[in-house]
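Trainee: The following block contains the structure, expressed as structure tokens.
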Amino acid sequence: MSSEQITLTLPDGSDKTINKEITGREVAESISAGLAREALSITVNGEIRDLDRPITQDAEIRINTWDSEDGRYTFWHSSAHLLAEAVQELYPDAKFGIGPPIENGFYYDIDFGNHSVSPSDLSKIEEKILELARRKVSFDRIEVSKKEALAHYRDVDNEYKLELINELEDGEITFYKQGNFTDLCRGPHIPNTGIIKAVKLTTLAGAYWRGDVKSKQLTRIYGISFPKKKLLDKYLHQLEEAKKRDHKKLGPQLGIYMIDPELVGSGLPLWLPNGTVLRRELEKFMRDEQIRRGYKEVITPHIAKIDLYKISGHYPYYKDSQFNPIEVDDEEYLLKPMNCPHHHRIYSSELRSYRDLPLRLAEFGPVYRYEQSGELHGLTRVRHFTQDDAHIYCTHDQLKQEIKNTIGLTQVVFETFGMEVEIRLSYRDDNDEKYGGETEYWQRAQKEIREASDEMGLQYTIAEGEASFYGPKIDFMIRDSIGRTWQIGTVQVDYVMPERFDLTYVGADNDRHRPVIIHRAPFGSMERFTGILIEHFAGDFPLWLAPLQMKLIPISDAHLPYTNFCAKKLQERGVRLEVDSRSEKVGAKIRDAENAKVPYMLILGEKEESDGTVSVRRHKHGDIGTFSLNDFITKIEEEVAGKLLPSQVELNS
RNA sequence: GCCGGAGUAGCUCAGUGGUAGAGCAACGCUCUCGUAAAGCGUAGGUCGGCGGUUCAAAUCCGCUCUCCGGCUCCA
Numbered sequence: 006m007s008s009e010q011i012t013l014t015l016p017d018g019s020d021k022t023i024n025k026e027i028t029g030r031e032v033a034e035s036i037s038a039g040l041a042r043e044a045l046s047i048t049v050n051g052e053i054r055d056l057d058r059p060i061t062q063d064a065e066i067r068i069n070t071w072d073s074e075d076g077r078y079t080f081w082h083s084s085a086h087l088l089a090e091a092v093q094e095l096y097p098d099a100k101f102g103i104g105p106p107i108e109n110g111f112y113y114d115i116d117f118g119n120h121s122v123s124p125s126d127l128s129k130i131e132e133k134i135l136e137l138a139r140r141k142v143s144f145d146r147i148e149v150s151k152k153e154a155l156a157h158y159r160d161v162d163n164e165y166k167l168e169l170i171n172e173l174e175d176g177e178i179t180f181y182k183q184g185n186f187t188d189l190c191r192g193p194h195i196p197n198t199g200i201i202k203a204v205k206l207t208t209l210a211g212a213y214w215r216g217d218v219k220s221k222q223l224t225r226i227y228g229i230s231f232p233k234k235k236l237l238d239k240y241l242h243q244l245e246e247a248k249k250r251d252h253k254k255l256g257p258q259l260g261i262y263m264i265d266p267e268l269v270g271s272g273l274p275l276w277l278p279n280g281t282v283l284r285r286e287l288e289k290f291m292r293d294e295q296i297r298r299g300y301k302e303v304i305t306p307h308i309a310k311i312d313l314y315k316i317s318g319h320y321p322y323y324k325d326s327q328f329n330p331i332e333v334d335d336e337e338y339l340l341k342p343m344n345c346p347h348h349h350r351i352y353s354s355e356l357r358s359y360r361d362l363p364l365r366l367a368e369f370g371p372v373y374r375y376e377q378s379g380e381l382h383g384l385t386r387v388r389h390f391t392q393d394d395a396h397i398y399c400t401h402d403q404l405k406q407e408i409k410n411t412i413g414l415t416q417v418v419f420e421t422f423g424m425e426v427e428i429r430l431s432y433r434d435d436n437d438e439k440y441g442g443e444t445e446y447w448q449r450a451q452k453e454i455r456e457a458s459d460e461m462g463l464q465y466t467i468a469e470g471e472a473s474f475y476g477p478k479i480d481f482m483i484r485d486s487i488g489r490t491w492q493i494g495t496v497q498v499d500y501v502m503p504e505r506f507d508l509t510y511v512g513a514d515n516d517r518h519r520p521v522i523i524h525r526a527p528f529g530s531m532e533r534f535t536g537i538l539i540e541h542f543a544g545d546f547p548l549w550l551a552p553l554q555m556k557l558i559p560i561s562d563a564h565l566p567y568t569n570f571c572a573k574k575l576q577e578r579g580v581r582l583e584v585d586s587r588s589e590k591v592g593a594k595i596r597d598a599e600n601a602k603v604p605y606m607l608i609l610g611e612k613e614e615s616d617g618t619v620s621v622r623r624h625k626h627g628d629i630g631t632f633s634l635n636d637f638i639t640k641i642e643e644e645v646a647g648k649l650l651p652s653q654v655e656l657n658s
């Protein structure tokens, strides 16, 4: 091969030998005209780059279009620049912070000085963006020295960019310029602004410069853009649909929970009868799983003396997010922010032998945390919640197997509900103040959870700085209806609390040893899990969870006796049902049951009465046929016992 | 806690300074009905709260509470 040629490997694994210094655009053209037309950027050995930059060496490449994440990333990054240009034209005094692409769109943090941006400004900015886009100008990459970069931002008096540049190495600083707007930027960008056909500025928010509360708060404008107007309409429609799953709306509507800020308090959910049924079913499910795995259940009080939390370290570390202490008889008590310290005291109540380990103490433990007012959110972020908590006290030799067991249990939970979770290993960072315990313990614990995760075949990402103060975690995250991620289940390894509480066991060598603790909560909290569950199923719960499993609908009053007969038979088998004896037409009763998302409706009239059958409707599917009462009972008992998801239910009669 | 938005009947919403409205739900009566809305009627409000401007405030102004979307935080 001549030195003038390089080999490019395409995503399908095929190689392409091609002249050196070829640009991404030329590569795309060499593949197909269609691809060249759609191309937004190119990924070269994992780095996303502009299409018009030459490729100088052998590389794995991928041409990015709107259909790839890298392509959309490029598109939205360029959109953020266009947003900034529009703002600069309309508000010349605005100073720009950072403006990255995000999962669904982009944002730009802007210092508007004294101007307070309102939603009506947003539509003006949107129009300006589209106007600028139509000029179809290119994004030009300009390499600058650090000195030039600093000089530029001194001229325009932008302290934010100056701060950013000061942290950069000379020689790797680039600007991008489109039209009249130049921005410090690593790139890459799309070929020209004209590709951006539709834009929607979605949200206006305050955002601290560099995420620091002590810094100035800038105005963050969120937006999303598309290469076709139709895609924007589709996106907005999907957003509307997603909102219908919102547990804050569905929860109260379905009688699951309510919040009474006036007299009970914000963030203190009240579980309504339907929600309580659901929650008790969830607890029963977890208890059964735990009994099979050798857990022992305990119950501990909602409060404890403040000293308990001084020993555990919760009090000094998390003073700000606790309810104020309760003073009684010269003693201070705290509403418990965690259950662990209570459990540790139970552990310490007896002399423990290595033969007793692992000791697995479980509790549906209520905790109280004073979350900031702006942070409260339906059932997913509250000030009082109940963790499906457990602490496993074990020897070092047992640790890895126990971690794997808890991961296994957590997986069972998510499989049961058909949930897809993202897994995150939450490690510590360099900020020693945030964490307790010896660094060597931390390294050890991080290694152990990683090994256990690998051996269980988990796909995870690692997040530094997300650990709890006593140890690293495996966090199981799930998305809500509008794509926000919430931590649900967690498995944590803890070497710190055994030291703080001086926990010991007697080993085979008759010496005292320190146990290790695993903290775990597969649901996380009953509240958050229920909130997520509502959104996951959009209120159409599997039969075993549905608070109201069926409605019995007599055709007319004449069939009420037979309806009550069926109701009695079903109730004897533990079915949760209601008889709709209102003087409404069948259609109306069906409609009401459908709206209440009741899984089954039994229509009972003359035919059914004389045959001893029930005519069955399934929520969202309609009439599924006629069954003998006994066959129907068998069918639903199988459905409940198998914890079948709505999508798994066989509807053939 | 911070930034922006919003609070009118149980729900969805109309009402821009002059007597608080609609649909659905609820309740009553009539109808006794075959697979997604029967008909008629009744009741329901401190227009989130407090204060101010005005002859007059749901409407204008100030403060405050709560909720929504973000930020920060998150044991």
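Mapping of the first sequence onto our numbering: position 502 corresponds to residue 507, and the numbering continues sequentially without gaps. All residues carry an ideal CB built from backbone N, CA and C; glycine is no exception. Just so we're clear, the structure is a prediction, and the values are computed from it rather than from any experiment.
Enumerate in chain order the residues of its own chain whose CB-to-CB distance from F474 is below 7 Å, with the five nearest sequence positions on each side excluded.
Mentor: G318, Y322, K439, Y440, G441
Trainee: With DSSP as the reference, identify every bridge partner of Q10, one or two as the case may be.
Mentor: Answer by DSSP bridge pairing, in chain order: N24.
Trainee: Quick check on G228: does DSSP put it in helix, strand or coil?
Mentor: In this structure, DSSP gives G228 an extended state, which the three-state scheme calls strand.
Trainee: Considering only the beta carbon of each residue, do Y314 and P346 sit closer than 8 Å?
Mentor: yes
Trainee: Can you look up L582 in the DSSP assignment and give me helix, strand or coil?
Mentor: strand
Trainee: Taking the alpha helix (DSSP H) that I311 falls in, what are its first and last residues?
Mentor: 311-317
Trainee: Report the residue from G512, V654, L430 whose alpha carbon sits nearest the alpha carbon of T495.
Mentor: L430
Trainee: Would you say A395 and Y432 are within 8 Å of each other, going by their C-beta atoms?
Mentor: no
Trainee: Roughly how many whole angstroms lie between the Cα atoms of I397 and I522?
Mentor: Annotation: I397 to I522 spans about 5 Å, alpha carbon to alpha carbon.
Trainee: Which full runs of the alpha helix (DSSP H) of 4+ residues lie inside the region 134-206, going along the chain?
Mentor: 151-160, 164-171
Trainee: By alpha-carbon positions, which one of R455, G379, R386, P371 ends up nearest to K409?
Mentor: Among R455, G379, R386, P371, the Cα nearest to that of K409 belongs to R455.
Trainee: Just to confirm my understanding: we take T208, look at its own chain, exclude 5 residues before and 5 after, and list those with CB closer than 6 Å. What are they?
Mentor: Y227
Trainee: If you drop the 5 nearest sequence neighbours on each side, which residues of the same chain put their C-beta closer than 6 Å to that of A367?
Mentor: Q295, Y300, E302, A395
Trainee: Can you tell me whether H5 is buried or exposed? The criterion is at least 16 other CB atoms within 10 Å of its CB, across all chains shown.
Mentor: The question about residue 5 has no answer here: the residues shown for the chain are numbered 6 through 658.
Trainee: Excluding five sequence neighbours on each side, which residues of the same chain lie with their C-beta closer than 6 Å to the C-beta of S19?
Mentor: none
Trainee: CA-CA distance, R519 and Y500?
Mentor: 9 Å
Trainee: By a C-beta neighbour count over all protein chains shown, 10 Å radius and 16 as the cutoff for buried, is Q653 buried or exposed?
Mentor: Answer is exposed; the Cβ neighbour count stays below 16.
Trainee: Quick check: the Cα distance between L565 and Q554, rounded to an integer number of angstroms?
Mentor: 19 Å
Trainee: Can you name the start and end residues of the beta strand (DSSP E) that A472 belongs to?
Mentor: Note, A472: premise wrong, no beta strand (DSSP E); not H, not E.
Trainee: Compute the Euclidean distance between the alpha carbons of I147 and I178, then round it to the nearest angstrom.
Mentor: Each residue's alpha carbon lies about 9 Å from the other.
Trainee: Taking its Cβ as the centre, do 16 or more other Cβ atoms sit within 10 Å of R365, making it buried, or is it exposed?
Mentor: buried
Trainee: If you draw a straight line from the C-alpha of S84 to the C-alpha of K205, how long is it?
Mentor: 11 Å
Trainee: DSSP on E267, reduced to helix/strand/coil?
Mentor: Three-state DSSP puts E267 in coil, outside helix and strand.
Trainee: To the nearest angstrom, how far is it from the Cα of L634 to the Cα of E643?
Mentor: L634 and E643: Cα-Cα distance of roughly 14 Å.
Trainee: Does the beta-carbon distance from I412 to M482 come in below 8 Å?
Mentor: no
Trainee: Would you call I487 buried or exposed, if buried means 16 or more other Cβ atoms sit within 10 Å of its Cβ?
Mentor: exposed
Trainee: State buried or exposed for S658, treating a residue as buried only when at least 16 other CB atoms are found within 10 Å of its CB.
Mentor: Low confidence applies to S658: its pLDDT is 45, below 50, so where it sits in the model is not reliable enough to give any reading.
Trainee: Please report how far the alpha carbon of M6 lies from the alpha carbon of K21, in whole angstroms.
Mentor: Legend: pLDDT at M6 = 48, less than 50; position of this residue unreliable, value from coordinates given subsequently. Taking the straight line from one Cα to the other gives about 12 Å.
Trainee: Indicate the three-state DSSP secondary structure (helix, strand or coil) for Q576 in the structure shown.
Mentor: helix
Trainee: Within the same chain, show all residues whose beta-carbon is closer than 8 Å to that of V511, passing over the 5 residues directly before and after it, in chain order.
Mentor: L356, R357, S358, Y359, R517, H518
Trainee: Is the beta carbon of T305 less than 8 Å from the beta carbon of G370?
Mentor: yes
Trainee: Return the residue from the list N50, N279, S354 that minimises the CA-CA distance to A601.
Mentor: N279
Trainee: So T79 and H194 are in contact, right, with Cβ under 8 Å, and what is the actual spacing, rounded?
Mentor: Confirmed, Cβ separation roughly 7 Å.
Trainee: Could you spell out the range, first to last residue, of the beta strand (DSSP E) harbouring D55?
Mentor: D55 -> no beta strand (DSSP E), and no H or E assigned at all.
Trainee: Short check: CB of A457 to CB of P477, under 8 Å?
Mentor: No. Outside cutoff.
Trainee: Give the secondary structure of K233 by DSSP, where H, G and I count as helix, E and B as strand, and everything else as coil.
Mentor: coil
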